[in-house]
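Notes to accompany the following structure.
Number of protein chains: 2
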Amino acid sequence: MSRIKLPNTSEPASVLVVGSVAYDDIITPFASGERILGGSASFAALAASYFAPARLVGVVGNDFDPRDLDRFRKRGIDLAGLQTDNSGPTFHWKGRYHENFNRRDTLEIHLNVFERFRPALPAVYQKSEYALLGNIHPSLQRHVRRELPAEVFAAADTIDLWIKTTREELLALLREIDLFIINDSEAEILTGHTNLIRAGHALRELGPRLIIIKKGEHGAYLFHPEGLFALPAYPVTDLRDPTGAGDAFAGALLGALAVLTGAGQPAKPTFAQLKHAMLFATAVASLTVEAFSTDRLESTGPVEIQKRVALLRTLVALD
Amino acid sequence: MSRIKLPNTSEPASVLVVGSVAYDDIITPFASGERILGGSASFAALAASYFAPARLVGVVGNDFDPRDLDRFRKRGIDLAGLQTDNSGPTFHWKGRYHENFNRRDTLEIHLNVFERFRPALPAVYQKSEYALLGNIHPSLQRHVRRELPAEVFAAADTIDLWIKTTREELLALLREIDLFIINDSEAEILTGHTNLIRAGHALRELGPRLIIIKKGEHGAYLFHPEGLFALPAYPVTDLRDPTGAGDAFAGALLGALAVLTGAGQPAKPTFAQLKHAMLFATAVASLTVEAFSTDRLESTGPVEIQKRVALLRTLVALD
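Line by line, the protein sequences give chains R and W. Residue 1 is where the first sequence starts when you use my numbering, and the numbers rise one by one after that. Residue 320 is where the second sequence starts when you use my numbering, and the numbers rise one by one after that.
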């Protein structure tokens, strides 16, 4: 099970990922896919697995293909926390991307087994240094956060749906996490600020010490107590399907942090380590969008990821 | 006349700027301004003047206020190439910015004296190492290019109007310049590529060895034979009026290059010098948008510009 190795690091810490495991129908301007593996936890856990031991918390339904479980197992992902609920089908999302991929519509959303889902954490999962509370109902994210020791580094992602429908739950979650990862349009909805810099500062006032605002093809911004950091996106020329890019970004970010701070050490990444992890997150996100579903994310490897990180370094190098 | 000084540089080279000098009416979501000094050459020459001797080529009409000439003179700008045509009023543009400033409509455009304008270059202008062919009819840009020696480093900017109405003239111009500076939506219209990376490569195939695509609040991309360079925008929180930001960017860019390559030297900036100049261009553009017209651009100084460059460096610093 190949992983990224960095100089001067020992064993990586572990990353727990909670979120959705889904079957998606996706329509893009160029192609379509039906019943393809998706969900925030799928993308995030696969991305994290290139860096650190990843543990998945989620639920699948009675229609879930066991071969799809193998896709996680092949990357060494611990599935002890993945429940199977035979009372109904797997979470299903159908969406359509518009020209330029700069907007998408949700055509159908069926929570299915997620309506009854109550995350249960295997005992060993408590020992994870990092937890990614992937996009899912904020009450489930909070439930998992509270099951974990306080010293676990908790990062959360969300989408506009939860901002609009479960705002109070989301605000409560923000007071309990270390890092909030959100995209630019969601940051605007949540804070009311159209200016991204103002939005980032306003988000920090809601609780999290660290904020990352993702801007898709325009890169990402880190708001840190020590200052701001801006990183452009990887220069992708073959965009196929943006689904899961944000989840892969978050999974790779926590995976890279797990490598940088190491097993058995406090999960207290420095500003420099967070920047470094963003390079890896950006590289992995760029791979994700070059194919449907998790295909490209599964077919890549440490060498390709490192190559993209190297290119990103030259892309921003001043001297 | 205070200018930016850089270590290890002698006398700066000179920058010729051709473009419009205008009176604008501007409506933004927050405020409006009437008959305010504008035009591509005004912004670009003022921006260049913080770095290098700037020479202006343009025309004003019978309504031009002599006090506005003083605004250029105060910054040491050579106005020998600025004609006064008493047969009509100065170029006039009226525009309205939409919420978020991400779109603007031209409400009125009166070329006035620009309809009859034929740029005439004073003899000393021939000795400029750098020429900025600012936004203006491409046939006028070409005329000026052809009046100058071949070894002059020529950069050009344009707007969607010329791409749509004078495409062939613009394509001819592109074969005669070194650097083309264009914004992302214009690059898309000109090349047909919605992907910015593809658009940049396609633009290089149209002639210019160097391409800069500006993305407003998302920064700018340099396409160079040696590779790509991405720079985020300065984190502006008080956007007042984006008019002229692109012109100021271009003027400061050539001004900074003039400092970096120096007087009497071939105007052949390296990849590293171009990156360095983009820092200055980004800093100066960020000042421009914080007030109406050229106000902020005139009230700033080398210390403030250097401070923004320093902040930009920390914004993108990886280690």
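Yeah, the Cβ is synthetic: ideal placement off N, Cα and C, and Gly gets one too.
> To which residues of the same chain is A600(W) closer than 6 Å at the C-beta, ignoring the five residues directly before and after it?
Replying inline: Closer than 6 Å at Cβ, skipping near neighbours: F568, A571, L572.
> Helix, strand or coil for H429(W) per DSSP?
Replying inline: Here H429(W) sits in strand by DSSP.
> For the candidate residues T165(R), F117(R), D70(R), whose alpha-carbon lies nearest to that of I338(R)?
Replying inline: A question about residue 338(R) goes unanswered here, because the residues of chain R that appear run from 1 up to 319.
> Along the chain, where does the beta strand (DSSP E) that runs through F229(R) open and close?
Replying inline: Counting along the chain, the beta strand (DSSP E) containing F229(R) begins and ends at 227-231.
> So, A552(W) versus G538(W), is the Cβ gap smaller than 7 Å?
Replying inline: A Cβ-Cβ contact shorter than 7 Å links A552(W) with G538(W).
> Looking at the C-beta of N514(W), does it have a partner C-beta in chain R at a distance below 7 Å?
Replying inline: Interface flag for N514(W) against chain R is set, since a Cβ pair is found closer than 7 Å.
>> Quick check on DSSP: helix, strand or coil for N100(R)?
In response: In the structure shown, N100(R) sits in a helix (DSSP, three-state: H, G or I).
>> Tell me which residue opens and which closes the alpha helix (DSSP H) that G246(R) is part of.
In response: Taken as a continuous stretch (DSSP letters only), the alpha helix (DSSP H) holding G246(R) covers 245-261.
> According to DSSP, what are the bridge partners of N183(R)?
Replying inline: Beta-bridge pairing by DSSP links N183(R) to K214(R).
>> Between I530(W), A564(W), Q592(W), E448(W), which has its C-alpha nearest A582(W)'s C-alpha?
In response: In this structure, E448(W) is the residue among I530(W), A564(W), Q592(W), E448(W) with its C-alpha nearest to the C-alpha of A582(W).
>> I'd like the span of the alpha helix (DSSP H) that includes A450(W), first residue to last.
In response: First-last for A450(W): 449-452, but that is the beta strand (DSSP E), not the alpha helix (DSSP H).
> Taking three-plus beta-carbon pairs below 8 Å as touching, is the segment 464-474 of chain W in contact with the segment 601-621 of chain W?
Replying inline: No, they do not touch.
>> Just checking: is the beta-carbon of N419(W) within a distance shorter than 7 Å of some beta-carbon in chain R?
In response: For N419(W), a Cβ of chain R is located within less than 7 Å of the residue's own Cβ.
> Where in the segment 585-619 of chain W do unbroken runs of the alpha helix (DSSP H), each at least 4 residues long, occur, reported from the N-terminal end onward?
Replying inline: Within the segment 585-619 of chain W, the alpha helix (DSSP H) runs of at least 4 residues that lie entirely inside it are, in chain order, 590-607, 614-618.
> If you compare alpha carbons, which of A154(R), A187(R), I109(R), S40(R) is closest to A267(R)?
Replying inline: The candidate whose alpha carbon is nearest that of A267(R) is A154(R).
> Among F30(R), Q306(R), R103(R), which one has its Cα closest to the Cα of E217(R)?
Replying inline: When only C-alpha atoms are compared, the closest one is R103(R).
> When we look at the beta-carbon of Q584(W) and count the other beta-carbons within 10 Å, is it buried (16 or more) or exposed?
Replying inline: Note on Q584(W): under 16 other CB atoms within 10 angstroms of its CB, so exposed under the neighbour-count rule.
> Of all the CB atoms in chain W, is at least one closer than 7 Å to the CB of R198(R)?
Replying inline: So, interface residue.
>> Cutting at 7 Å between CB atoms, please list the residues of its own chain near G61(R), excluding the five before and the five after it.
In response: Taking G61(R) as the centre and dropping the five residues before and after it, the same chain places the C-beta of D85, G88, P89, T90, N112, V113 closer than 7 Å to its C-beta, in chain order.
> For the segment 7-26 of chain R, which residues have a beta carbon sitting closer than 7 Å to at least one beta carbon of chain W?
Replying inline: Per Cβ criterion, the list is empty.
> Whose Cβ in chain W lies nearer than 7 Å to the Cβ of F229(R)?
Replying inline: In chain order, L634 make up the part of chain W whose C-beta sits under 7 Å from the C-beta of F229(R).
>> Looking only at its chain, what residues have a beta carbon closer than 8 Å to the beta carbon of S351(W), apart from the 5 residues adjacent to it on each side?
In response: Taken in chain order, the residues that qualify are D344, I345.
> In chain W, which residues lie less than 7 Å from H218(R) when you measure between Cβ atoms?
Replying inline: Against chain W, the beta carbon of H218(R) has neighbours under 7 Å at K534, H537, listed in chain order.
> Got a sec: is the Cβ-Cβ distance from T237(R) to anything in chain C below 7 Å?
Replying inline: No chain C is present in this structure, whose protein chains are R and W.
> Between P527(W) and I496(W), is the Cβ-Cβ spacing less than 7 Å?
Replying inline: It is a contact, given that the beta carbons lie within the stated cut-off.
>> Helix, strand or coil for H224(R)? Go by DSSP, reduced to three states.
In response: Residue state, collapsed to three classes: strand.
>> Here's the rule I'm using: 16 or more other beta-carbon atoms within 10 Å means buried, otherwise exposed. How should T303(W) be labelled?
In response: Only positions 320 to 638 of chain W appear in this structure, which leaves residue 303(W) out of reach.
>> Can you find the residues in the same chain that come closer than 6 Å, C-beta to C-beta, to D78(R), ignoring five residues on each side of it along the sequence?
In response: R55.
>> Give me the residue from P235(R), D105(R), S10(R) with the minimum Cα distance to K290(R).
In response: Per the sequence shown, the amino acid found at residue 290(R) is Glu instead of Lys. Minimum Cα distance to E290(R) is reached at P235(R).
> Of all the options L231(R), I211(R), K215(R), which has the alpha carbon lying nearest to the alpha carbon of P225(R)?
Replying inline: Of L231(R), I211(R), K215(R), the residue nearest in Cα terms is I211(R).
>> Tell me the DSSP secondary structure of R632(W) in three-state form.
In response: In the structure shown, R632(W) sits in a helix (DSSP, three-state: H, G or I).
> Name the chain W residues whose beta carbon is nearer than 7 Å to that of A291(R)?
Replying inline: Under the 7 Å cutoff, chain W gives no residues; its nearest Cβ is about 16 Å from A291(R).
> To which residues of the same chain is F542(W) closer than 8 Å at the C-beta, ignoring the five residues directly before and after it?
Replying inline: When the five nearest sequence neighbours on each side are left out, the beta carbons in the same chain lying within less than 8 Å of the beta carbon of F542(W) are those of G519, H520, L522, R523, L529, I530, I531, I532, in order along the chain.
>> Please list, in chain order, the chain W residues whose beta carbon lies closer than 9 Å to that of K275(R).
In response: For K275(R), the residues of chain W that pass the 9 Å Cβ criterion are A636, L637, D638, in the order they occur in the chain.
>> Helix, strand or coil, according to DSSP, for T484(W) in the structure here?
In response: It is helical.
>> Quick check on I109(R): buried or exposed, where buried means 16 or more other Cβ atoms within 10 Å of its Cβ?
In response: Exposed is the call here.
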